[in-house]
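Right, one structure below, let's go through it.
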Amino acid sequence: MRLRGLFRSSKPHSILVKWVLLSTIIGFLTGIFVSLLEIAVMEILNDIFGLVLRNPWLLPLIPTVGLTLTGLIRDKFVENSYLHGTEEVLDAYHYRDGDLSLKDVPGKIIASILTIGMEGSAGLEGPSIHIGGSVGAALRKLLAKIGIEEDGRILLLTGAASGIGAIFKAPLTGLMFSLEVPYKDDMAHQAVVPALISSVVSYITLVSILGAEPLFRHFRPFKGLDLYVIALSLIEGLLIGIAAIFFVKLMDYVERICRGRKYVYRGLIGGTSLGALGLITLLIYGGLYPLGLSYDLVRASFSVKDPYFFLIMAILKMIATALTLGSAGIGGVFIPSIVIGASLGSALSALDPDAMSLFVAIGMSSFLSAAFKTPLASVTFVAETTGSESYIIPGLIASAVSYLITGNYSLPKNQKYVESARIEELERVKVKELMGPPPPILSSEITIKRFFSEHFLKDHTFSVFPIASKDGKLIGVVTINDVDSVPPIEWDRTKLIDLVRKVEFLDPEENLMDALDKMYDYDMCCLPVIDHETGEVVGTLSADAIIRLLEHKRKLKKYPIFLRR
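Read left to right, the sequence shown gives residues 513 to 1077 (this note's numbering).
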């Protein structure tokens, strides 16, 4: 009972305590599960790498087996095979009020381990976000069973933040990414406090198990910001933005040509192609650089001066990632984007070899910003994973340029502009959920004088009235503005039939966006709602009511602590 009282209290202190509790639970559980995921993948990768070095001829078989098995899982053992990782979390956030399906989670996590562990080019952040979002969704469902309703979208983003914060050992990146990634031009402000707490808790949990060493610890701090550095940042941001557009188009192209086929066949073809690419790279360059997580390529990018090599590696990493995720693989594209950005940055360091670390760092942040539309998370990621804040300003400059250059291009398909998200919100709400009480039906034969004396003066509630003919058939509407337009001297001899507007009435089952379209078409701010099966007027809907609904949703997003119970 005390728990229910805490969750239902509207006092700011109680709400804060509630979210601290929920966020801590989500962060702790996500940290444990993500630790297990990383251990499993790294063990498989280490074994596979040793096997390939001893038997190079096996390399073409390994990604083929991994992606074919992943395709089999997607075909046979998961219901929603199309979505996974970040895309599935965004889909649940925008379209299902944070309700993430839990039935497919085991199958998709196993598939991601097979994809990445068997040298598929994908990132661990995809399954990590999925794990965190699933923990948040599961907690929501558990609370609902005991009669406690919580905001599923906030819990979902809280889990996503903890997944990112844990896998990258970067809690601030987890916070910023989870807030930025739902929208191309705004942030999900409502989840700030819960996402911050959960990402910190998940980070502490993971580093307690796996250690706190930064992902890329060998970066040398960069000193000095002048016009020359700013110019280099602008140039790199421009070039990286163009490269990001090519990558997004390549991902779309491979996915498009694979679409319509069973995932098991897609995995067979994609895995074979990926294995061939890896074998060629191994024979020519002595490593599996484009395959797997490619962390070693990032570490080499700021110490090995070979621009042509890294340019080739960037292109091969794009191809490998498109083959992996465009065919049947399950995993993230955040880390591949970081690897591509680092490789391109190292290639561009040919402009000034002494500034190699600078080029690599801002290459990572600007490519990530362009590909995901997350400029703040991108810069934060570089600062946290390199252990140096000296790249923040140049990274912000380059990230802003690449963000603008890419325009509408981005890797997450379910990422929205704020305005389009609001339109989609209206499309998810039916007229019957917002309509007011039904107005009285008036006879077309009554005069304006009688209308005022018998109806309007007694009840000012309605501004639009449905009008019925002598035989009782609805023939249109009359508005207060229509009546006011008639001079009082003519009220005795003017009947409502003389003012009738022929309109299409609203249906209780249609959505609010369609209702607004009708109001616009007929230049009306309000329309009656009719049950078309019975012909009965069941309500009325005004544009003001829809605007108030949007305003209420906006306030809930901006001030959740004070408006949610």
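Using N, Cα and C, we set each Cβ at its ideal position, and we do this for glycine too.
Helix, strand or coil at residue i according to DSSP, with G and I counted as helix
| i | result |
| --- | --- |
| residue 773 | coil |
| residue 915 | helix |
| residue 955 | strand |
| residue 612 | coil |
| residue 470 | Lying outside 513 to 1077, the shown extent of the chain, residue 470 is not represented and no answer is given. |
| residue 599 | helix |
| residue 900 | coil |
| residue 945 | helix |
| residue 791 | helix |
| residue 1047 | coil |
| residue 988 | strand |
| residue 842 | coil |
| residue 922 | coil |
| residue 594 | coil |
| residue 940 | coil |
| residue 1040 | strand |
| residue 695 | strand |
| residue 751 | helix |
| residue 1074 | Interpretation of residue 1074 is limited by its pLDDT of 37, a score under 50 that renders its predicted location unreliable; the figure taken from the coordinates is listed afterwards. DSSP places residue 1074 in helix when its eight states are reduced to three. |
| residue 890 | helix |
| residue 1054 | strand |
| residue 803 | coil |
| residue 513 | Unreliable placement is indicated for residue 513, whose pLDDT of 49 sits below 50; the coordinate value is still reported in the next sentence. Residue 513 falls in the coil class under three-state DSSP. |
| residue 1059 | helix |
| residue 1014 | coil |
| residue 928 | strand |
| residue 660 | coil |
| residue 727 | coil |
| residue 737 | coil |
| residue 817 | coil |
| residue 634 | coil |
| residue 700 | coil |
| residue 535 | helix |
C-beta contact flag for residue i and residue j at 8 Å
| i | j | result |
| --- | --- | --- |
| residue 876 | residue 904 | no |
| residue 830 | residue 759 | yes |
| residue 819 | residue 858 | yes |
| residue 606 | residue 926 | yes |
| residue 602 | residue 694 | yes |
| residue 677 | residue 671 | no |
| residue 776 | residue 583 | yes |
| residue 994 | residue 1011 | yes |
| residue 943 | residue 1041 | yes |
| residue 585 | residue 621 | no |
| residue 967 | residue 952 | yes |
| residue 938 | residue 835 | no |
| residue 782 | residue 579 | yes |
| residue 841 | residue 634 | yes |
| residue 887 | residue 1051 | no |
| residue 649 | residue 612 | yes |
| residue 744 | residue 863 | yes |
Limits of the alpha helix (DSSP H) - the one that residue i falls within
| i | result |
| --- | --- |
| residue 576 | 573-588 |
| residue 973 | Taken as a continuous stretch (DSSP letters only), residue 973 belongs to no alpha helix (DSSP H), as it is neither H nor E. |
| residue 982 | Segment: none, residue 982 is in no alpha helix (DSSP H) and carries neither H nor E. |
| residue 810 | 807-813 |
| residue 1005 | No alpha helix (DSSP H) contains residue 1005, which DSSP labels as neither H nor E. |
| residue 1034 | Looking at the DSSP string, residue 1034 is not in any alpha helix (DSSP H), and its letter there is neither H nor E. |
| residue 883 | 868-884 |
| residue 688 | 683-692 |
| residue 665 | 664-679 |
| residue 1020 | Per DSSP, residue 1020 belongs to no alpha helix (DSSP H) and is neither H nor E. |
| residue 706 | 704-722 |
| residue 620 | 617-629 |
| residue 961 | 960-963 |
Beta strand (DSSP E) segment containing residue i, residue limits
| i | result |
| --- | --- |
| residue 637 | Where residue 637 is concerned, there is no enclosing beta strand (DSSP E), although the alpha helix (DSSP H) it sits in stretches over 637-657. |
Residue i beta carbon near the ligand MN (any heavy atom closer than 7 Å)
| i | result |
| --- | --- |
| residue 991 | No copy of the ligand MN appears in this structure; indeed no ligand is present at all. |
> Are the stretch 714-722 and the stretch 669-683 touching, with three or more C-beta to C-beta distances below 8 Å?
Replying inline: yes
> Counting pairs of Cβ atoms below 8 Å between the stretch 751-765 and the stretch 548-555, do you hit three or more?
Replying inline: no
> Does the stretch 624-636 come close enough to the stretch 648-662 that 3 or more CB-CB pairs lie under 8 Å?
Replying inline: no
>> If contact is defined by three or more beta carbon pairs under 8 Å, each pair taking one atom from either stretch, is the stretch 560-569 in contact with the stretch 790-800?
In response: yes
> So, do the stretch 985-1003 and the stretch 891-909 have three or more beta carbon pairs nearer to each other than 8 Å?
Replying inline: no
> When the Cβ atoms of the stretch 999-1008 are set against those of the stretch 909-922, are three or more pairs found closer than 8 Å?
Replying inline: no
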